[in-house]
Amino acid sequence: MLEILFRYLRPTIKNLVCYPWIVVGTGLLLALAGLILALNLRIDNDLSKLLPDHYPSVQAVEKLRQQVGSSDELAVVIESASFELNRKFAERLIPRAMQLQYSADKRLYFNRYEYRKQTEFLESNALYFATDTEMDLLETWLDEEIEQARMQANPFYFDIDGEEDIQADSLEQVLEETYRELIGYEYPVSEDSLTMAIRFYPADSQTDIQYIRQLYQDMDQLTTELLEEFESEEIRVVLAGRLFRSLVEIDSIYQDVRNSFGAGVLMLLILIMSYFFYKNYKTRSGGIHSAKVFWSEIKRVPLTALIMGLPLVVSLCWTFGVAWMFYQTLNIMTSTLGLLLFGMGVDFGIHFYARYIEERKDEASVADAIVTTFMTTGQAIMAVGITTAAAFFILMLADFRGFSEFGFIAGIGIFFSIISMIILLPAMLVLLERYGWLHTGPGLLYPGQNGKSSNTGGYEPRTGYLKTVSILVVIISIAAVVVSGWYVPNLSFEYDFGKLEPVYESYNEVAQKARKVYSDRKTRNAAYIIADTPEDAVEIRDLLRKRMETDTLTNTLLSVETLQDRYPYAKWEQQEKLGRIGGIRKKLYDSFLSSSESTQLELLRKAASTTSPIELNQVPDFILDPFTAKDGTIGNLVIVHPSVPLSDGRNSMNFADDLSEITLENGNIYHAGSTSIVASDMLRLMISEAPRMIAWTLSFIILIKLVIFRSVKWMVLALLPLAFSFTWLFGLMEFTGHTLNFYNIVVLPTILGIGDDSGIHMVHRYLEEGRGSIAKVLRSTGEHITVSALTTMLGFAGLLFSSHPGMRSIGELAVYGIGLMLLASLILLPALLYLIEETEIIIKARRVRELEEEATSAG
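In structure tokens form, the structure reads like this:
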């Protein structure tokens with residue numbers, strides 16, 4: 002099929018040789034257009050973008066963002082030698098910060114802030130905002146205090162072991178902590194009152210990193226202007242908050258991508274330039290050392306970088322231009338594709354240029370060398386490219402967008418690399434040869450040498466040594482497969498996201514200052530459910546609390562909160578709460594406690610002074626704000642706090658199960674919104690789809706090999722290096738302590754597509770050269786696939802310099818996998834081919850003897 006296609010394309014390549022300027026000019030113009038589009042690409046670390054839109058967890062998170070806004074905040078931390086100075090600065094900052102607008106669309110950045118609590122109002126009405134649990138605790142403590150006072154009033158009472166005192170002290174301590182948590186401090190300050198923090202919440206939930214960056218820049222400018230107004234005072238201002246973490250995380254990814262790309266490309270170019278320096282020097286010198294040729298080729302080294310690099314850069318511009326047209330953003334997985342495509346795409350150029358040099362060495366003209374290379378190696382490049390691109394395109398069938406978007410962009414990138422390397426690269430070679438910048442013909446210093454290979458075909462010498470080595474290689478390879486297969490079931494998956502993320506020092510530094518004032522541990526991983534009515538919110542709360550009571554083994558829910566827990570909505574609820582407060586007030590003034598001068602009792606008497614219902618507009622903002630939607634709706638929100646750390650994916654999945662579909666008696670169905678629940682769905686989807694993607698990729702590779710070779714025998718031989726090395730990879734991972742994880746699992750189908758190249762090139766060239774050509778194939782194509790594999794490995798090796806453990810694991814797994822596949826292609830495959838030839842010789846010799854014996858008998 003490819004042969005027919007290339008026969009039709011032969012006139013095209015001949016015309017390309019005649020009009021190289023048109024080809025190069027068109028390619029560069031399209032690259033410029035692609036670059037302009039690609040510059041608009043941004044990296045989005047929003048995990049919900051990796052799942053299909055119809056997932057309930059995605060819809061719940063999107064609903065939460067639209068109706069409630071962001072739970073992440075920008076924190077301004079103010080430090081000075083005076084509380085009053087901090088307060089003065091804060092009260093000047095707040096009104097101006099609330100007027101800040103995003104320059105792109107003039108939207109206000111913030112819709113609320115946390116600063117001063119109405120503690121005086123709360124101190125007089127604290128019990129009105131106490132939950133049933135807190136009221137139960139208070140009543141228990143008061144009953145015990147009254148009983149203790151009654152017993153102490155008895156002249157014959159003796160406290161023998163002090164157990165009652167210990168229990169009372171414990172209850173009093175819990176009660177004091179609960180009271181302090183509810184009332185808090187009037188201002189958000191540290192224990193020494195010298196550090197103050199204000200939290201500002203964006204009006205919209207933003208995952209756009211440009212928005213967040215501009216927000217911090219504008220706030221930084223505002224605080225700088227205010228500091229100038231306080232120039233005579235020593236005030237230090239730090240911008241912190243969880244939004245800052247998002248900014249640091251994205252900047253870290255950008256930095257990693259740049260560093261990895263830079264390191265990878267540098268190593269790639271050094272390897273390629275060294276290889277082609279060797280090839281050109283060997284060709285031009287005719288195998289005889291020459292200082293003149295040596296220094297001449299040294300000067301041409303930058304030209305090699307241009308020959309390999311320019312077509313590749315052009316294809317990358319095309320690729321990411323198309324990526325912008327389809328997606329507008331890159332996710333954390335596709336952000337690594339620039340380096341990956343550079344490493345893979347250069348393979349095609351290496352094979353084409355190396356074969357072109359060989360043809361020129363054999364005294365072919367520029368035009369004939371290009372046509373011959375196009376019709377031979379070009380076919381192998383196309384076969385490999387189609388297989389690799391298709392392996393990536395198969396990933397598009399996945400629901401997990403980490404797979405599907407990765408597959409589409411990588412597949413398009415491979416396709417563009419093929420076009421660039423078999424169309425644009427030949428046109429460049431024609432121009433460089435035409436203007437004398439490149440000379441790849443036979444050695445000019447030694448015109449008597451025609452440079453032809455010493456291998457004239459035919460069977461190579463057969464030796465017992467080679468046969469023994471080949472058998473030994475096959476036996477060792479099979480043994481390695483058996484051992485690796487034994488280890489495969491033990492291969493583990495790393496669920497802990499905390500181990501896959503870098504330590505963000507810049508964030509931790511500012512977060513440490515903010516933690517002097519407040520801790521976000523309780524709300525960091527909370528899930529939210531938006532009910533249609535306050536009544537539904539209460540029913541959701543009750544259902545979830547019932548789940549907590551019945552699940553005593555794997556419960557991951559710590560608490561479920563609604564506004565109704567603290568503020569009674571209905572009239573009967575208000576009267577019931579006032580009655581309960583009246584009962585507590587009666588206990589507080591019990592005759593046995595009336596003479597007590599306990600500070601705790603005095604605070605509680607003041608807190609129990611509420612005698613009439615409190616109107617909604619009297620409720621302090623800090624109580625209402627967490628339960629208020631952007632449109633002003635109050636009381637429809639349910640907040641669920643986890644009891645386990647959700648950085649572990651297994652805990653996230655259990656948390657998601659505990660918050661699974663909530664169906665009310667009226668038929669309404671609700672789902673919780675949380676990034677942790679999104680992460681759990683993402684893990685489940687990715688783990689379930691990865692084996693399927695690998696199976697589909699492998700099936701397609703087998704089908705393509707059958708089409709290319711039109712023989713089951715040669716298809717199996719080309720596939721064996723892939724099958725053996727893939728099994729070795731899992732064994733090596735288990736042996737070295739590496740695990741699969743959220744990041745590197747996407748590389749497994751990729752390794753299949755990439756690693757398939759070597760087997761195809763080796764078998765294709767062997768069939769082209771004929772039997773007895775194993776040594777020649779190894780010297781020629783073996784050399785090419787070695788350099789190609791090394792370039793791909795170096796492309797991925799750039800990720801080894803990443804500070805991000807997850808991205809670094811991608812590089813590690815890819816380097817291991819591609820290295821093992823190269824080893825199998827260079828050692829196992831030639832050994833198998835040699836043994837097949839030996840077997841064929843034996844069978845042929847036996848058949849000849851049989852024919853001779855038959856002829857003798859007949860004679």
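Be aware that the sequence shown starts at 2, since it is given in the working numbering, and climbs by one per residue.
Glycine included, C-beta positions come from ideal geometry on N, C-alpha and C.
Note that this is a predicted model, so its numbers are computed, not measured.
Pick helix, strand or coil for residue i, following the three-state DSSP scheme.
i: residue 361; result: helix
i: residue 232; result: coil
i: residue 114; result: strand
i: residue 289; result: coil
i: residue 439; result: coil
i: residue 420; result: helix
i: residue 526; result: coil
i: residue 377; result: coil
i: residue 575; result: helix
i: residue 102; result: strand
i: residue 52; result: coil
i: residue 467; result: helix
i: residue 741; result: strand
i: residue 12; result: helix
i: residue 384; result: helix
i: residue 518; result: coil
i: residue 555; result: coil
i: residue 504; result: coil
Check the DSSP bridge columns for residue i and list the partner residues they point to.
i: residue 237; result: 80
i: residue 197; result: 79 and 190
i: residue 202; result: 113
i: residue 560; result: 642
i: residue 664; result: 670
i: residue 330; result: 43
i: residue 248; result: DSSP, once it has assigned bridges, lists no residue as partnering residue 248.
i: residue 497; result: 649
i: residue 635; result: 629
i: residue 531; result: 638
i: residue 655; result: In DSSP, residue 655 forms no bridge with anything.
Using the C-alpha atoms, what's the distance from residue j back to residue i?
i: residue 144; j: residue 75; result: 45 Å
i: residue 435; j: residue 386; result: 29 Å
i: residue 352; j: residue 414; result: 18 Å
i: residue 624; j: residue 46; result: 31 Å
i: residue 1; j: residue 775; result: In the structure as shown, the chain starts at 2 and stops at 860, and residue 1 therefore has no counterpart that could be examined.
i: residue 389; j: residue 8; result: 23 Å
i: residue 703; j: residue 722; result: 13 Å
i: residue 412; j: residue 392; result: 8 Å
i: residue 852; j: residue 836; result: 24 Å
i: residue 186; j: residue 632; result: 29 Å
i: residue 43; j: residue 576; result: 56 Å
i: residue 505; j: residue 512; result: 10 Å
i: residue 6; j: residue 650; result: 49 Å
i: residue 32; j: residue 322; result: 9 Å
Thinking residue i and residue j are a contact (beta carbons under 8 Å), I'd like their distance in whole angstroms, please.
i: residue 503; j: residue 739; result: The pair is not a contact, with the Cβ atoms about 18 Å apart (cut-off 8 Å).
i: residue 819; j: residue 755; result: 6 Å
i: residue 829; j: residue 790; result: Contact doesn't hold; Cβ gap of about 14 Å is too wide.
i: residue 750; j: residue 694; result: 5 Å
i: residue 122; j: residue 202; result: That belief does not hold up - the Cβ atoms of residue 122 and residue 202 are roughly 22 Å apart, past 8 Å.
i: residue 729; j: residue 834; result: Contact doesn't hold; Cβ gap of about 20 Å is too wide.
i: residue 383; j: residue 419; result: 6 Å
i: residue 501; j: residue 812; result: About 14 Å; that fails the 8 Å criterion.
i: residue 396; j: residue 347; result: Their Cβ separation, rounded to whole angstroms, is 22 Å, which puts residue 396 and residue 347 out of contact at 8 Å.
i: residue 188; j: residue 88; result: 7 Å
i: residue 641; j: residue 545; result: 7 Å
Counting C-beta neighbours from all protein chains within 10 Å, is the total for residue i 16 or more, i.e. buried, or is it exposed?
i: residue 422; result: buried
i: residue 794; result: buried
i: residue 292; result: exposed
i: residue 1; result: Residue 1 lies beyond the residue range present for the chain, which begins at 2 and ends at 860; the question has no answer from this structure.
i: residue 655; result: buried
i: residue 582; result: buried
i: residue 734; result: buried
i: residue 537; result: buried
i: residue 771; result: exposed
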